[in-house]
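Under this note's numbering, the final residue of the sequence shown carries the number 474; numbering is consecutive throughout.
What follows is a short report on a single structure.
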Amino acid sequence: MNLPQGPKLPDWWLWMQFAADPLGFLDKMNQRYGDTFTIMSESTPLIFVGNPQGMKQIFTNTTEIIAAGELNKEAAPLVGKNGLLLLDGLRHRSRRQLLMSPLHGTKIRTYGQQICDVTEKVMNQLSIGKSFLAYPTMQKITLEVILNTLFGLHQGDRYEQLKQLLTNLMNYARSPFVEIPLSFPFLQQDLGRWSPWGYFRYLWRQFDELIYAEISDRRQQPNPDANNVLCELIFAHNETGELFTNEEIRDLFPSLLFGGRDASATAITWALYWIHRTPTVREKLLKEIKSLSNSPDPMSIVELPYLNAVCHEILRIYPTQVVTFPRRVELPTNLMGYKLSPGTVIIGCIYLTHQNPELYPQPQQFQPERFLEKQYSPYEFMPFGGGARRCPGEALAFFEMKLVLATILSRYQLALTNTQPEKPQPQGANYPPASRLKMVLCKIP
Ligand code: HEM
């Protein structure tokens, strides 16, 4: 086995540096060792790969390099033992396929008007002249959208209960009371509702009660025409040809809820940051949006070419997820000339690929035009990862991002309250702005 070069420092020290300034750390590694480097985690080599040739192999060589669910086992208390992230092989493939259907193509079009309406509803709760934090505000919008997409719920008691509970649960999941025990499993002690981990378990139990009640209602009053993930799963069969059990259905939701709320909110928050830092982009975008009628059809918004380029550039410059989920070498393989043995872990570095100056000249500058001038391959631009774990929410995420942005820009005038550059900070798998982005609502035109 011959490995790419890398730092010889203890891995805990390197992870601390990564947590403090993830992009700074990756930039430093890139300068010292190039876009492919090794960090030793005890005796396991972790290889970070940040170039198109390597990405292509990670995403396409699925016999020698697998997306083992076991590698994500730390996330089990968050996403469930049978959640997509913890699955692999046939079970992973077939359950992903089932989920993808209501999250794609013509099906998501039906959510267009609702996304614009929710955006207005949440933005109208802000006061003119008062500052607000963009990230939690965008999380309110994306939570409502994902609840509708997954469960078909947008009003009623159960919807209100789920919305409140999930807000508490997902925010608590990002607090040190949960993040520290996730890294140190011996701290995961349920000592009752008033203990830190016990409270987390208590919130999950409440989630289970609500979702099982909803599943049971849907089984009693089936609606085969309904267009949402829950209805799709209720009528579907698992890999052994049987209907999914309530537990199997429940376990598929947490990873979709976290991705649906937090990854999308991260992307939209960065969009607000870059658009308001770059007045020329904001003006060009507004002109394009205003070239449509006063209440445009959501599909005509989604097809706007400059808006499309802006969304691509936002996900390039600060991808919401800086690295892919890990993959593992299953059979001896050759990755860009390095001979790797089984057990080696490979991590696709989305950020470093997106910072390659040969692909993206002046990579630290926000230049949406590059996406009008050139078509990038899926191994050069991959904010949604690729291969076996490619994000199942990609179509919904782009659709939602464009509609939320177009609604905010055309109906509200916002400004940043801080002129200092923002830095991404890890929150679970996502990297929103460290300050959560303070903005002010100047006026409603
Ligand atoms: C702009 C928004 C989003 C971005 C940039 C994003 C990005 C990603 C990335 C990079 C991955 C890992 C892919 C890999 O390892 O190759 C991923 C996986 C995943 N995403 Fe997203 N995501 C977004 C929105 C969403 C939405 C809206 C949902 C839910 C509807 C979602 C659900 C998931 C799930 C469940 C996985 C795990 C897939 C698996 O294990 O097979 N994401 N996402």
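Beta carbons are placed, not taken as given, at the ideal position from N, Cα and C, and that holds for glycine.
All values reported here derive from a predicted model rather than from experimental measurement.
Which listed residue (the options) has its alpha carbon closest to that of residue i
i, options, result
"residue 464", "412, 329, 473, 452", "452"
"residue 395", "203, 339, 163", "339"
"residue 275", "223, 165, 264", "264"
"residue 428", "241, 336, 305, 61", "336"
"residue 167", "243, 151, 244", "151"
"residue 444", "380, 379, 307, 393", "307"
"residue 422", "125, 49, 161", "125"
"residue 228", "200, 78, 213, 255", "200"
"residue 172", "138, 425, 305", "425"
"residue 84", "300, 113, 64", "64"
"residue 372", "93, 244, 37", "93"
"residue 351", "432, 401, 312, 454", "454"
"residue 407", "300, 98, 314, 86", "86"
"residue 382", "345, 278, 360", "345"
"residue 11", "107, 401, 163, 361", "Here the chain covers residues 30 to 474 and nothing more, so residue 11 does not appear."
"residue 74", "376, 95, 457, 430", "376"
"residue 78", "58, 91, 393", "58"
"residue 202", "469, 321, 217, 190", "217"
"residue 267", "122, 358, 247", "122"
"residue 330", "430, 154, 470, 51", "430"
"residue 209", "472, 457, 469, 324", "457"
"residue 255", "193, 357, 449, 130", "130"
"residue 278", "108, 292, 460", "108"
"residue 557", "214, 252, 462, 117", "Summary: the structure shown does not reach residue 557, with the chain confined to residues 30 through 474, and so no result is reported for it."
"residue 165", "34, 472, 293, 450", "293"
"residue 143", "158, 110, 178", "178"
For residue i, the residue or residues it bridges with in DSSP
i, result
"residue 77", "66, 376"
"residue 357", "95, 374"
"residue 469", "160, 444"
"residue 421", "Note: residue 421 sits in no beta bridge, so no partner."
"residue 266", "272"
"residue 459", "456"
"residue 352", "378"
Host beta strand (DSSP E) of residue i (start-end)
i, result
"residue 365", "From DSSP, residue 365 is part of no beta strand (DSSP E); its letter is neither H nor E."
"residue 444", "442-445"
Start-to-end residues for the alpha helix (DSSP H) that takes in residue i
i, result
"residue 320", "Where residue 320 is concerned, there is no enclosing alpha helix (DSSP H), given that its DSSP letter is neither H nor E."
"residue 152", "141-152"
"residue 46", "40-49"
"residue 135", "134-138"
"residue 296", "293-306"
"residue 275", "275-280"
"residue 337", "334-346"
"residue 200", "186-202"
"residue 123", "118-129"
"residue 290", "No alpha helix (DSSP H) holds residue 290; DSSP gives it neither H nor E."
"residue 104", "Neither: residue 104 is in no alpha helix (DSSP H) and is coded neither H nor E."
"residue 238", "225-249"
"residue 114", "Run containing residue 114: none; DSSP gives neither H nor E here."
"residue 215", "Segment: none, residue 215 is in no alpha helix (DSSP H) and carries neither H nor E."
"residue 222", "Premise fails: residue 222 is in no alpha helix (DSSP H) and is neither H nor E."
"residue 327", "327-331"
"residue 402", "399-402"
8 Å contact criterion, which residue i and residue j should meet: CB distance rounded
i, j, result
"residue 46", "residue 54", "5 Å"
"residue 211", "residue 103", "6 Å"
"residue 262", "residue 119", "Actually they are not in contact, since the Cβ atoms of residue 262 and residue 119 sit about 17 Å apart, beyond 8 Å."
"residue 39", "residue 68", "With 8 Å as the limit, residue 39 and residue 68 do not qualify as a contact, their Cβ atoms being about 10 Å apart."
"residue 349", "residue 412", "7 Å"
"residue 302", "residue 466", "6 Å"
"residue 88", "residue 366", "18 Å between Cβ atoms; not a contact."
"residue 397", "residue 317", "Contact doesn't hold; Cβ gap of about 11 Å is too wide."
"residue 114", "residue 315", "Not a contact, Cβ separation roughly 39 Å."
"residue 32", "residue 76", "7 Å"
Proximity test, residue i beta-carbon vs ligand 2 heavy atom, cut-off 7 Å
i, result
"residue 301", "This structure lacks ligand 2; its bound ligands are ligand 1."
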